[in-house]
Structures are given as structure tokens and as C-alpha cells.
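*Asks:* Residue numbers (our numbering): 1021 to 1211. Ideal Cβ positions, reconstructed from N, Cα and C, are used throughout, including at glycine. In this text the structure is predicted, and so the values were computed from the model without any measurement. Before I ask anything, let me first share the structure, which is written out below as C-alpha cells.
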Amino acid sequence: MVYTAESDPLCYPGTTVLRNKLDLIDQDELDEFETAMFVIRSGEPWPEGELNVAHYLSLHYHLFQDVYEWAGQIRTIRIGKGGNWFCYPEFIASELGRCFQELAQANHFIDLPPAVFANSAAHLLAEINAVHPFREGNGRTQLTFLAMLTENAGLPFDPDVLERERVLDAMIESFAGSEQTLSDLILDIIS
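So this is what it looks like as C-alpha cells:
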């Protein structure tokens, strides 16, 4: 699904294709390049950090540095999907800060029973998804961060559970206010 956006200086004029390091102006070619680079970068060691905002931004940079000049930077325009708008850019930094402050106050969900971890992580991902801090790559960054969070909590992470439609449905439902499907997905991932 293509994002709805205000006039976007990050797109090539007259298109919805994001400016990229290879100057690919065909969306299918950009998608293919972006996927290939994401797969390569996600197979490398992830950036070290404190599971905070700076760490999250560095994770996005790590995953998309080969594709976009603005990788790891908070978006500056309003975007939406499916008729719903994500957090307005002027509130992203404070909302993202709030999400990660709550995570730190919850000790990064360490030592929680799996079901409680799943509920807590679902709420965090739903909040970060609603903020949608980046112009592109939010979902993949969220799921990679979830893997980091589970590893930090000493829990297993089964990537085979991440079926595209199931993940999308869970994220859409969480955006609409129901986090149970996302929590169930996360519980399956860590069980």
C-alpha cells in the first residue's frame, strides 16, 4: 500500500518514488534494491546501544544506509496509510521519547513471563507504529527492534512466525486500538 503524504521533497518530482542512492525511479526496482540491502544489513551485527531513541534511530540507519541518504533521520512530513494519519512530524521526537522512556521504566521487559512480555511488547510496537518516525522502513525496523528486545530479555525469537499478512493485520489492528492480535503474534514468536 502506498503512503499518503503531503508534497514530499524526498520523492522524485511527479512521482511517489523516494529519492535513493541509486537514483532508481521505478518503484519495483527500488523495492527490489531496498529488500536486498535490508536482507544483507539485517544479517550483520546490529548496532550496539541502550534500547533507547538514539539506538532505534541507529538501527534504522544500519538497515537502510545503502538505500536512503536520510536513513536514521526522523521524517519531516505528514504521512498516512489506509486513510489514517501517523503522528505529525512536530510531535515525533517527544512521542518517540515517551515510548522509550516507558520501556526504560519497565526495565526493557526483562524477567517478565512470556505472556506479559508479549502484551508489553505489543503495546510498545503499537505505540511506535502510530508514531511512524521514518519516511520508509518503519515495520522492518520495528520487527528488528523486537528481535533485539527479545534477545535482551533472554527470550527466543522465531522469525518463521513472521508471515507478512499476519504481521500487517496485527499492526493494522493495533493502530485501530486492539493490541491482542499483535500480542498473540509476539507470544508465538517467543514460544
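Which full runs of the beta strand (DSSP E) of 3+ residues lie inside the region 1079-1133, going along the chain?
*Replies:* Qualifying beta strand (DSSP E) stretches, in chain order: 1099-1101.
*Asks:* Could you tell me the distance, in whole angstroms, from the CA atom of G1159 to the CA atom of Y1032?
*Replies:* In a straight line, the C-alpha of G1159 is about 23 Å away from that of Y1032.
*Asks:* With DSSP as the reference, please indicate the residues paired to L1145 in a beta bridge.
*Replies:* Per DSSP, none; premise fails for L1145.
*Asks:* So, is G1092 buried or exposed, given that buried needs 16 or more other C-beta atoms within 10 angstroms?
*Replies:* It is buried - the Cβ of G1092 has at least 16 other Cβ atoms within 10 Å.
*Asks:* Going by DSSP, name the residue or residues bridged to L1038.
*Replies:* Partner(s): C1031.
*Asks:* Counting along the chain, where does the alpha helix (DSSP H) carrying L1212 start and finish?
*Replies:* Nothing about residue 1212 can be reported from this structure: the residues present for the chain run from 1021 to 1211 only.
*Asks:* Could you compute how far the alpha carbon of L1145 sits from the alpha carbon of D1043?
*Replies:* Taking the straight line from one Cα to the other gives about 32 Å.
*Asks:* Starting from the C-beta of S1140, find all residues in its chain whose C-beta is less than 8 Å away, skip the five residues before and the five after it, and write them out in chain order.
*Replies:* Here the set comprises A1126, F1129 and L1132.
*Asks:* Apart from the five residues on each side of it in sequence, which residues of its chain come closer than 8 Å, Cβ to Cβ, to M1168?
*Replies:* These residues qualify, in order along the chain: W1066, L1071 and L1079.
*Asks:* Quick one: using the 10 Å Cβ neighbour count with 16 as the cut-off for buried, is G1157 buried or exposed?
*Replies:* With 16 or more other Cβ atoms within 10 Å, it is buried.
*Asks:* What is the DSSP secondary structure of L1182, reduced to helix, strand or coil?
*Replies:* Residue state, collapsed to three classes: coil.
*Asks:* Do you know how far the Cα of F1053 is from the Cα of G1063?
*Replies:* Looking at the two C-alpha atoms, the distance is approximately 16 Å.
*Asks:* Alpha carbons only, please: which of I1045, I1206 and I1094 is nearest the one belonging to V1136?
*Replies:* For the residues I1045, I1206 and I1094, the minimum Cα distance to V1136 belongs to I1206.
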